[in-house]
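Enquirer:
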Amino acid sequence: MPVGLDSYLGVHADALKVQTQRMDVLANNLANVDTPGYKARDIDFRTALAAAGSPEGGLTMTTTDAKDIALNATAEGGAELKYRVPLQPSLDGNTVDSQQEQAAFADNTVHYQATLTFLSMRLRNLMTAITGQ
Amino acid sequence: MSSFKIFDIAGSGLSAQSVRLNTVASNLANADSVSGDPTTVYRARHPVFQAVQQKMLGAAGLADQSEAAVSVKGIVESQAAPQMRYDPGNPLANAQGNVYAPNVNVIEEMTDMISASRAYQDNVEVMNTSKDLMLATLKLGQ
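Taken in order, these protein sequences are the chains called A and B.
According to the numbering used here, the first sequence holds residues 2 to 134 in order.
According to the numbering used here, the second sequence holds residues 43 to 184 in order.
(1) Beta-carbon of Val76 (chain B) versus every beta-carbon of chain A: anything under 7 Å?
(2) Taking the continuous alpha helix (DSSP H) assigned at Ala51 (chain A), which residues delimit it?
(3) Does the distance from the C-beta atom of Val90 (chain B) to that of Lys115 (chain B) stay below 7 Å?
(4) Where does the unbroken beta strand (DSSP E) through Lys83 (chain A) begin, and where does it stop?
(5) Can we say the region 120–127 of chain A touches the region 73–92 of chain B, given the rule of at least three CB pairs closer than 8 Å?
(6) Beta-carbon of Ala32 (chain A) versus every beta-carbon of chain B: anything under 7 Å?
(7) State whether the region 130–138 of chain B contacts the region 2–17 of chain A, with contact taken as three or more CB pairs (one from each stretch) at a distance under 8 Å.
(8) Spell out whether any CB of chain B is found under 7 Å from the CB atom of Leu50 (chain A).
(9) Cβ of Pro124 (chain B) versus every heavy atom of the ligand MN: is any distance shorter than 6 Å?
(10) Who are the neighbours of Leu124 (chain A) on chain B, taking C-beta pairs under 8 Å?
(11) Since Val19 (chain A) is in the alpha helix (DSSP H), which residue starts that stretch and which ends it?
(12) Using DSSP's beta-bridge definition, name the partner residues of Asp43 (chain A).
(13) To the nearest angstrom, report how far apart Gln101 (chain A) and Leu56 (chain B) are at their CA atoms.
Structure (structure tokens):
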């Protein structure tokens with residue numbers, strides 16, 4: 002039974018990608034903690050992961066002619082950014098809550114490390130199978 | 043997708059907060075720079091931050107709908123009136139014996155400094171954490 006490396010790594014490869022994106026978004030919130038009018042955002046991890054996992058979630062191409070080459074490659078998962086519901090919006094229109102963002106960043110970090118652990122365990126299994134030791 | 047974008051974002055936060063710290067330092071240093079003329083006296087300066095619009099990922103992903111990083115849009119001078127003080131012994135006093143002190147609110151500047159230093163620490167922490175995660179990712183499979 003042939004097993005592709007992508008399917009062997011399972012959801013974890015996609016999860017790592019989404020977690021990297023989420024790290025960017027949260028870093029952006031923290032960088033704009035004093036920007037007037039800036040609205041904090043976050044990625045909905047569940048929908049982003051579902052979008053990253055399925056080919057429909059990424060970019061698709063329609064073929065209009067028989068000679069067109071169908072694009073089956075999965076594009077970058079289209080993660081949609083959502084605005085955070087502010088707990089204590091400030092007077093200048095900024096909705097970044099530094100503590101909340103730090104907590105979300107720590108949460109994302111732990112999940113990232115967990116995903117890395119899963120991935121390295123799978124790779125180690127694969128090496129064991131290849132070398133037979 | 044560039045994995046190093048997070049360093050640009052956190053780095054822009056660092057430089058923006060450091061501009062803010064600079065203006066605080068300038069305001070505090072000039073808190074007592076009196077002048078005989080209310081138009082030439084030092085005025086408190088404050089930076090205005092702005093989120094930078096950037097296309098991050100090209101066609102797909104977070105592109106177009108996302109801002110990346112922060113920049114200093116400009117530095118504005120406080121329009122509050124300078125404080126007038128009667129001090130005829132001062133060599134800078136005008137004909138009426140008055141000097142004008144800058145409109146720097148020292149307490150406001152101190153709280154601004156604490157806020158800037160906290161935000162700076164946040165950005166440093168973001169950078170450190172993402173650096174650790176990236177190094178761990180590089181070691182994947184070893």
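Even for Gly, the Cβ is constructed at its ideal location relative to N, Cα and C.
Since the model is a prediction, treat every value here as computed from it, not as a measurement.
Expert: On the basis of the supplied data:
(1) no
(2) 46–54
(3) yes
(4) 82–84
(5) no
(6) yes
(7) no
(8) no
(9) With respect to small molecules bound, the structure shown includes none, and the ligand MN cannot be examined in it.
(10) Leu182, Gly183
(11) 12–32
(12) A:Lys83
(13) 20 Å
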